[in-house]
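As given, the protein sequences belong to chains A and B, one line each in that order.
Numbering that gives the first Met the number 0 puts the first residue of the first sequence at 0, with every later residue one more than the last.
Numbering that gives the first Met the number 0 puts the first residue of the second sequence at 0, with every later residue one more than the last.
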Amino acid sequence: MMELVLSLAIGILTASGVWLILRPRTFQVITGLCLLSYAVNLFIFSMGRLTLAQPPILPRGGLVNPELYADPLPQALVLTAIVISFATTALFLVVMMAARGLTGTDHVDGREPDA
Amino acid sequence: MIEQNLVLILILLPFIGAIAVSTISVNARNAAAWIAGLVFFGGLVLLVAIYPPISEGRSLHAVINWIPALRLNLSIRIDGFAWMFVGLVLGIGLLVVLYARYYLSKADPVPRFYAFLLAFTGAMIGILVSGNIIMLVVFWELTSLLSFLLIGYWYQNPAARDGARMALIVTALGGVCLLAAMLMLGHVVGSYDLDVVLGSGDLIRAHPLYPAILGLFLIGAFTKSAQFPFHFWLPGAMAAPTPVSAFLHSATMVKAGAFLLVRFSPALGGTEAWFLAVTGTGMATLVIGAMMALFRHDLKGLLAYSTISHLGLITALAGIGSTGAIVAAIFHIANHAVFKASLFMAAGIIDHETGTRDLRRLSGLMRSMPYTGTLAIVASAAMAGVPLLNGFLSKEMFFAEAVGWHNGTWLDNNLPYLALAGSILAVAYSLRFIMQVFFGPPALDLPREPREPVSWMRLPVEFLVLTCLVVGIVPGLSLGPVLNMAAQSVTGPDTPYYSIALWHGFNMPLMMSLIAMVVGTGLYLLLSEWIAKGPEGPPLLHRLRGRDIFDAALLVLSWKWPRLLHRLLGTERLQTQMRLMVLVAIAFATVPLLGALQLGPQRHSTPLDPAFALMWLVGSACAVGAAWQAKYHRFAALILLGGAGLVTCLTFAWFSAPDLAVTQLLVETTTSVLLLLGLRWLPKRNEEIPGDRLVAARIRRLRDLGIALAAGLGMAAIAFVVMTRPAIRNIGDWFLRNAYHEGGGTNVVNVILVDFRAFDTLGEITVLAIVGLSVYALLRRFRPAAESVDTPRQQTSEPLDLKEQMFVPAVLMQWMFPVMIMLAAYFFLRGHDLPGGGFSGGVTLAIGLLLQYIATSVRSLEARLIILPIRWMGAGLLFAGLTGMGAWLFGYPFLTTHAQYVQLPLIGQVPVATAMLFDLGIFALVVGATVLMLIAIAHQSLRAGRGAAQETPNRKQGVAE
């Protein structure tokens, strides 16, 4: 029942991430984005099903039976996703720093709420 | 074969000329004119070269397969009609080039003018010779775009800008309608090939989509040809330089609509709907345009409305659609182009030499400009349809068609009267043009002293007027064969030879011509005084201007409504936007999955390992903890976030994804350090934010919690349902089977990234490079908030000095540096066969450098740093790109790789693939981008101190005192 555990984990990561991106402070949002990216990466990865101890690393030469290996496609996709989420996090961080310097607040709207 | 190549050259030549002209110096007026002239001349030579096969009634084809799967081919097809039209475009174009050379002043950027003109010609020829109806629309829109640029050539002039914008909006909208019509046509016929479409007339006319196709098609044609009620853009376009008006708005572009109507009449025409819509619009335009022309005071305005009127005449003929009507339409296309171009040029000369275009100010120019005056009088006579001139012949043919019986509808019965009315008005406005400008007492208050222009500027007009005369006197000898060839290519090879003659005896059309001339002259004599005193436009009608309606509509559509919508629906608050986005995402996932999402019959299940469950217990606690603490305890939240990331990384390792585990671990490290560096610049949060405990805030949080739980539950449910179903074998199998043989590597994930899907990776590293540069650029002007400027308490607090605390770790980290470099090299080299690769290696090296930042002071490291991140990034991107292009040298597509193993002394067998070179590019770029970002952020602690010292000297002084 590893599947159940992992899907619960994805759910919890998603919920925490979504809750955070709805918050008003920039740091909360960036933390939320990181959590959400874990959730999404795990989700995409899990679409290839869970396989134990069968990494997609082949022996040299000869024909192989694909059923003996984990699906490499979601892995390749997630690898790209990890890199891109790293890039967006970095960009967001800098925008966050610059916005704080410019506006004097860390509220996502660039000013404290009126009420 | 050689003819096909000639056709290809014909269509490419103007574009090549445009590029050539646009790259030469702004002052090279003569060079630009020469290149443009040679291109037009070369085009005409090519046209003559392909005349023999065309004159036999064949059409030449040249096809370049582009996307055969979508039936999109670059297909060129030139037949008699297209040949004649291309000849018209090139011939008048050549004269316009000469004319424009003397028309444009020294201050104008002449090469730009010729570049646009050439590109426009290319697009126009493209419309005429397209063998694929989608390609035709592309060229169609291209002419709209280039005419926008040409009308707006004097962009300093607001009227030019407005006219250009209006022309673009109207004609481009028509183009969109045309595209829709063509797509539907392709759907109905099953092919986008012009020949097939033209041959399927019966199929199209019987199809239920026919009315929609016809409507959209006609909107496209009518907007381009300035037919009522879309005519209003053409007078506005008269703000263009006169050579442009002469070329585009009389001879060529506006005729594209007429061309389309004639060309597609075998496919779409022949129905009553076609007759009523096309002939009806044409006749309305003919009469209304002629009436507007009569009341215009602006010389070019009069000619513009006269053009509208003549286009109406051609449209009406295309609507009648009989063989005689088609011949007449084609004949009038050519005739009108010749006399109207010469009239526009004459108007340009008058404007150029006198400084005004107002008919009420001009007078008696025959004395100072006798040659130009004579030429203009002959051309106007052609416009009015006076015998012995070309305009007379095609007008007679039009009268003959109007009188003939077609289908007995009310429109058909009234055609002769409408035609006569239009013709009477044409005589009147032509007469007004001549009498006002050239006769009467000499004008006294002209801005410039009128005189004859340089003879080169008059030459094109002379040539055109001569053509009017030759065609008018010996039509059968001059234009007869070409005209018949053109008509046959439209109506079919069985069309009888249509003999054009000057004299047909005293018949009905001749009587109508005589009536028109007598009544028209009378009308002018009666009204001329009154018109000159009146407003710009016919009485009453001048108040109702299409242009004003257009402007009002534009204001409402592009300003008022969007603003209203924005006020009603928009918000500038990010939280609201995010909430909406999440809700929409949830809704979009829920609606299709509701009911469909259920567990499969056979469960696919992996036995539970308690350690895994325990691990995720910690991971989930970390995630929830991070969510809980992120507001007031950022550092704690960051550590917890790292915990969740580590568990994610272990999960990848657990389920056979070592590459992901390695990458995630490295990225996690880097992200944590980045965020740590950023923490310093955020506001202190020692006390509670006011309002955080209010009921409203609590309700908000509760609502968001509900949304978050719904999102989490949904994701968990989908993930569980999919994961427990048996796997569907997919393209992953193909990658597994072929990674070794095709990609030369045993690590399939790496082979996918650097070989099979290398293009994606190239895009990805480009994104990384852009982000690196953006970070750098954003931080160059970074100004921290005042409260963050001072050195943090932790760095200054006594007695525990930070330097002393960090001494041992610093030494360790410095010793680790070579090890990190080794590790990076190791990851990089094994990448193709075992977990690792350029990305992991690059991040590892970047982390190694980062450790040095932490270990030593920023200043001393920056002084010694030999990595120049931007160069590494550039080199990496270049290397990856060049490796991809290297495949071209061997005749393979971009990014094809070659692989083999090489025996190296001491190291053993090393996989050497060109993919490895690509990976090296990735490596360099990742090192560069990551280091650039880290340094840019870390560097701020130096800048901040310095910047604060410069910006707030008073405060510092205050402290010192």
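Glycine included, each C-beta is placed from N, C-alpha and C at the ideal position.
Keep in mind it's a predicted model, so treat the numbers as computed, not measured.
Legend entry - Cα-Cα separation, A:I83 to B:F838: Residue numbering aside, residue 83 of chain A sits at position 84 when the first sequence is read from its first letter. Residue numbering aside, residue 838 of chain B sits at position 839 when the second sequence is read from its first letter. Computed Cα separation, rounded: 12 Å.
Neighbour flag for B:G880 against chain A, beta carbons, 8 Å = As a working mapping, residue 880 of chain B is identified with position 881 in the second sequence. B:G880 does not count as touching chain A.
Judging by CA-CA distance, which residue of A:L12, A:R22 and A:S6 is the nearest neighbour of B:Q576? As a working mapping, residue 576 of chain B is identified with position 577 in the second sequence. The residue with the shortest Cα to Cα distance from B:Q576 is A:R22.
Check whether the Cβ atoms of B:A735 and A:V63 lie closer than 8 Å to each other. The residue you call residue 735 of chain B lines up with position 736 of the second sequence. The residue you call residue 63 of chain A lines up with position 64 of the first sequence. Here residue 735 of chain B is Leu; the residue named in the question, Ala, does not match the sequence. Yes, these two residues count as a Cβ contact at 8 Å.
Can you pull out the residues from the stretch 16 to 35 of chain A whose beta carbon lies closer than 9 Å to at least one beta carbon of chain B? G16, V17, W18, L19, I20, L21, R22, P23, R24, T25, F26, Q27, V28, I29, T30, G31, C33 and L34
Neighbourhood of B:G961 by C-beta distance below 7 Å, restricted to the same chain and skipping five residues each side:
Outside the modelled stretch of chain B, which goes from 0 to 960, sits residue 961 of chain B, for which no answer is possible.
Member of B:A551, B:M614, B:I124 and B:L97 whose CA lies at the smallest distance from the CA of B:F80:
Looking up residue 80 of chain B in the second sequence gives position 81. The shortest C-alpha separation from B:F80 is found at B:I124.
Helix, strand or coil, according to DSSP, for A:L72 in the structure here? Stepping through the first sequence from its first residue, residue 72 of chain A is reached at position 73. Note: A:L72 maps to helix in three-state DSSP.
Practice item. Going by CA-CA distance only, name the one from B:N746, B:A862 and B:T896 that's closest to A:Q53. Key: For the purposes of this step, residue 53 of chain A is taken as residue 54 along the first sequence, with counting starting at 1. Cα-wise, what sits closest to A:Q53 is B:N746.
Exercise. Terminal residues of the continuous beta strand (DSSP E) containing B:L59?
Worked result: For the purposes of this step, residue 59 of chain B is identified with residue 60 of the second sequence, where counting begins at 1. L59 to I66 is the span of the beta strand (DSSP E), which, as asked, contains B:L59.
- When the distance is taken between beta carbons, is B:G885 closer than 8 Å to B:G920? Along the second sequence, one-based indexing puts residue 920 of chain B at 921. Along the second sequence, one-based indexing puts residue 885 of chain B at 886. Not a contact, by the Cβ cut-off of 8 Å.
Q. Residues in its own chain within less than 7 Å of B:Q666 by CB, not counting five upstream and five downstream?
A. The residue you call residue 666 of chain B lines up with position 667 of the second sequence. Per the sequence shown, residue 666 of chain B should be read as Val rather than Gln. V842, listed in sequence order.
With 16 other Cβ atoms within 10 Å as the buried cut-off, status of B:A891: Locating residue 891 of chain B in the second sequence gives position 892, where the first residue counts as 1. Inspection of the sequence shows that residue 891 of chain B is occupied by Tyr rather than by Ala. B:Y891 comes out exposed.
Could you tell me if B:I764 is buried or exposed, where buried requires 16 or more neighbouring beta carbons within 10 angstroms of its beta carbon? Counting from 1 along the second sequence, the entry for residue 764 of chain B is found at position 765. With 16 or more Cβ atoms within 10 Å of its Cβ, B:I764 is classed as buried.
CB contact below 8 Å: A:R48 versus chain B: One-based indexing of the first sequence puts residue 48 of chain A at position 49. Yes, its Cβ sits closer than 8 Å to a Cβ of chain B.
query: How would you call B:Y209, buried or exposed, if buried means at least 16 neighbouring beta carbons within 10 angstroms?
result: Taking the second sequence and counting its residues from 1, one reaches residue 209 of chain B at position 210. By the neighbour-count rule (16 or more Cβ atoms within 10 Å), B:Y209 is buried.
field: Proximity to B:P834 [Cα-Cα], best of B:F758, B:S74, B:V661 and B:M819
entry: Along the second sequence, one-based indexing puts residue 834 of chain B at 835. Taking only the C-alpha atoms, the option nearest B:P834 is B:V661.
Give me the subset of the stretch 92 to 111 of chain A whose CB atoms are less than 8 Å from a CB atom of chain B, sorted by chain position. L92, V93, V94, M95, M96, A97, R99, G100, L101, G103, T104, D105, V107 and D108
- prompt: Using 8 Å as the limit for Cβ to Cβ distance, is B:T843 near chain A?
  reply: Residue mapping note: residue 843 of chain B aligns to position 844 of the second sequence, counting from 1. Output row for B:T843: interface = no.
Cβ-based burial, B:V489 [other Cβ within 10 Å; buried from 16]
Position 490 of the second sequence, counted from the first residue, corresponds to residue 489 of chain B. Counting Cβ neighbours within 10 Å, B:V489 comes out buried, since at least 16 surround it.
- So which of B:E55, B:L12 and B:V47 has the shortest CA-CA distance to B:I34? The residue given as residue 34 of chain B occupies position 35 in the second sequence. Here the closest residue by C-alpha is B:L12.
Legend entry - Per-residue contacts from A:D113 into chain B (C-beta, under 7 Å): Counting from 1 along the first sequence, the entry for residue 113 of chain A is found at position 114. Those within 7 Å of A:D113 in chain B number zero; the least Cβ separation is about 10 Å.
- Message: Within 10 Å of its beta-carbon, does B:T589 have 16 or more other beta-carbons around it, so buried, or fewer, so exposed?
- Response: Sequence index remark: in the second sequence, residue 589 of chain B carries index 590 (1-based). Exposed, because fewer than 16 other Cβ atoms sit within 10 Å of the Cβ of B:T589.
- Any residues in the stretch 708 to 720 of chain B with a beta carbon nearer than 9 Å to a beta carbon of chain A? Which ones, in chain order? L708, A709, A710, G711, L712, G713, M714, A715, A716, I717, A718, F719 and V720
Under a Cβ-count criterion, where at least 16 other Cβ atoms within 10 Å of its own Cβ denotes burial, should B:I18 be classed as buried or exposed? In the second sequence, the residue the question calls residue 18 of chain B occupies position 19. That one is exposed.
| Exposed unless 16 or more other CB atoms sit within 10 angstroms - verdict on B:A68 | Here residue 68 of chain B is taken as the residue at index 69 of the second sequence, counted from 1. The residue in question, B:A68, is exposed, as its Cβ has fewer than 16 Cβ neighbours within 10 Å.
Point to revise | Three CB pairs or more closer than 8 Å across the stretch 405 to 423 of chain B and the stretch 282 to 292 of chain B | key: yes
*asked:* Could you tell me the alpha carbon to alpha carbon distance between B:N729 and A:L72, rounded to whole angstroms?
replied: In the second sequence, counting from the first residue as 1, residue 729 of chain B sits at position 730. In the first sequence, counting from the first residue as 1, residue 72 of chain A sits at position 73. Whole-angstrom Cα-Cα distance: 9 Å.
- request: Report the partner residues of B:S74 according to the DSSP bridge assignment.
  value: Start at 1 with the first residue of the second sequence, and residue 74 of chain B comes out as number 75. B:V62.
Can you find a C-beta in chain A that's less than 8 Å from the C-beta of B:F781?
Your numbering for residue 781 of chain B matches position 782 in the second sequence. Interface residue, yes.
Separation of B:I126 from B:D78, as counted between CA atoms: Residue 78 of chain B sits at position 79 when you count from the first residue of the second sequence. Residue 126 of chain B sits at position 127 when you count from the first residue of the second sequence. If you take the alpha carbons of B:D78 and B:I126, they lie about 13 Å apart.
- request: Indicate the three-state DSSP secondary structure (helix, strand or coil) for B:D759 in the structure shown.
  value: Counting from 1 along the second sequence, the entry for residue 759 of chain B is found at position 760. Correct three-state label for B:D759: helix.
Can you tell me whether B:A715 is buried or exposed? The criterion is at least 16 other CB atoms within 10 Å of its CB, across all chains shown.
Within the second sequence, residue 715 of chain B is the residue found at index 716, counting from 1. Counting Cβ neighbours within 10 Å, B:A715 comes out buried, since at least 16 surround it.
* Which two residues bound the contiguous alpha helix (DSSP H) that contains B:S305? -> Here residue 305 of chain B corresponds to residue number 306 of the second sequence, with the count starting at 1. Counting along the chain, the alpha helix (DSSP H) containing B:S305 begins and ends at L298 to I319.
Span of the alpha helix (DSSP H), counted from its first residue to its last, around B:T322 | The residue given as residue 322 of chain B occupies position 323 in the second sequence. Its alpha helix (DSSP H) spans residues T322 to T353.
_Supposed close pair B:K254, B:I332 - CB separation, criterion 8 Å_ = Here residue 254 of chain B refers to the residue found at position 255 when the second sequence is read from its first residue. Here residue 332 of chain B refers to the residue found at position 333 when the second sequence is read from its first residue. The Cβ separation is near 6 Å, so the contact holds.
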